[in-house]
Amino acid sequence: MVRPTGAGGTTSGPVLPGENEAPSVSPRAQKKRDWRPVYLVAPSMVILAVVIAYPVLRAVYLSFQSDRGFDQDTGRFIDGGFYGLGHYTKWIFQQTSTSLGETISCPPGTLCSNFWESVGVTFFFAGVTVSIEVVLGFFMAIIMSQAFAGRSLLRASVLIPWAIPTAVTAVLWKFIFADQGIANKLVGSRIGWLTDEWPARFAVIISDVWKTTPFVALLILAGLQMIPKDVYEAAKVDGATAWQRFTQITLPLVKPALMVAVLFRTLDVLRMYDLPAILHGAGGASPTTTVSILVVADIRQGNFNSASALSTLVFLMIFGVAFIMVKWLGASAIRADDAHGKRS
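Per my numbering, the very first residue in the sequence shown carries number 3; after that it's consecutive.
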């Protein structure tokens, strides 16, 4: 047998048992954990718990309590007791209770009677705006990824609408969509962009697309810049057409960034409030009323616990959509061969 000597050479001879073995580690030392990362993350987790977790849990608790009433004898507000699923029944089944304890359907014009319509309007805004923004954003990202004079100036100028606060954007488009505004002058007819049902909804869509398409384009552009140029050159050598390069190279490789943009924008539109509220009012009766507008309108009427139930429903709705999209995104971002290699 040959074993190393102290001077770096080798010498013949039997290798003693355990001479070349790594030093053994006791089971207690193996179980010892490094807590330093936990200590570093702990302050942020405490802040998140105070800022996010507590309000959410408090809203869930209040959603099971009845709203405060007014005592005619004492002239004071009295706290309501446990109300069970009454608030959730009010919104989901559009039923409310009278002063005598009878259950009736929500009268027309009340906030609870507009719940399902507002849910439909919210998802309508999410589907239409995100689809248009993805198409336009993809087109803008492809243009901005090309090399030409003034490309940096174009990229900076495109982001201006996204940098403008939403409230300012809403006021700007409110002037544009006024009866004597630029939109009606360009169309050549008087359209009630701020009053009629479908023109009002399209006014919100146009305003939102104008503002947030640059954000989608920026995310897609980041994905395009990660694709090596050699891949396109090799495809050209193999005789791939421009359409084949787009469908078989660009789309698959940019899909993770594209899906992140779709996720962010979908969740953002599902909680939309300021844009339709400024354009058409936040009273809860306009044709552009979203679920978030209903929450604020219910709070303004003093129904804090009822609004807590509605905000909980909004949270569950957004969480469900996010879970489905993240699950889909996680599955599509991993290639089949990589997943097979990990399983093997």
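Each residue gets a CB set at the ideal place from its N, CA and C atoms; glycine is no exception. All of these numbers come straight from a predicted model, not from anything done at the bench.
> Around the Cβ of PHE321, are there at least 16 other Cβ atoms within 10 angstroms (buried) or fewer (exposed)?
Replying inline: exposed
> Any contact of the stretch 287-305 with the stretch 50-57, i.e. 3+ C-beta pairs under 8 Å?
Replying inline: no
>> So, for ALA279: in the same chain, excluding its five sequence neighbours on each side, which residues have a beta-carbon less than 7 Å away from its beta-carbon?
In response: ILE295
> In whole angstroms, what is the alpha-carbon distance linking ILE207 and PHE127?
Replying inline: 7 Å
> Alpha carbon to alpha carbon, what distance is there between LEU155 and VAL136?
Replying inline: 22 Å
> Between which two residues does the alpha helix (DSSP H) harbouring GLN246 extend?
Replying inline: 244-247
> Going along the chain, which residues of its own chain have a beta-carbon closer than 8 Å to the beta-carbon of MET146, five neighbours each way excluded?
Replying inline: ARG153, LEU156, ARG157, VAL160, ALA219 and LEU223
>> Just verifying my parser: in three-state terms, what is the DSSP assignment at SER294?
In response: helix
> Quick one: what does DSSP say THR112 is sitting in, helix, strand or coil?
Replying inline: coil
> SER308 and ASP36 look like a contact to me (Cβ under 8 Å); what is the Cβ gap, rounded to whole Å?
Replying inline: With 8 Å as the limit, SER308 and ASP36 do not qualify as a contact, their Cβ atoms being about 48 Å apart.
>> Here's the rule I'm using: 16 or more other beta-carbon atoms within 10 Å means buried, otherwise exposed. How should ILE193 be labelled?
In response: buried
> Does DSSP put ILE106 in a helix, in a strand, or in coil?
Replying inline: strand
> Of the choices VAL170, LEU42, LYS92 and VAL323, whose alpha-carbon is the least far from that of ASP270?
Replying inline: VAL323
> Per the contact definition of three or more C-beta pairs closer than 8 Å, is the stretch 169-189 in contact with the stretch 273-292?
Replying inline: yes
>> Per the DSSP calculation, THR98 is bridged to which residue(s)?
In response: ILE106
>> I want to know whether the stretch 257-267 touches the stretch 222-241 - three or more CB-CB distances under 8 Å.
In response: yes
> Is LEU253 buried or exposed, if buried means 16 or more other CB atoms sit within 10 Å of its CB?
Replying inline: exposed
> Run through DSSP, which three-state label would GLN250 get?
Replying inline: helix
>> Using only the alpha-carbon positions, how far apart do ASP240 and GLN148 sit?
In response: 22 Å
> For PRO216, is the classification buried or exposed, using 16 other Cβ atoms within 10 angstroms of its Cβ as the cut-off for buried?
Replying inline: buried
> Do you know how far the Cα of ALA61 is from the Cα of THR314?
Replying inline: 7 Å
> In whole angstroms, what is the alpha-carbon distance linking MET319 and THR100?
Replying inline: 29 Å
> If TRP118 and ALA311 are in contact, beta carbons under 8 Å, what's the gap, nearest whole angstrom?
Replying inline: Incorrect: roughly 15 Å between the Cβ atoms, too far for contact.
> What is the C-beta distance between VAL316 and ARG273, in whole angstroms, given that I count them as a contact (C-beta under 8 Å)?
Replying inline: 7 Å
> Candidates TRP195, ALA51 and SER209: which alpha carbon is nearest THR171's?
Replying inline: SER209
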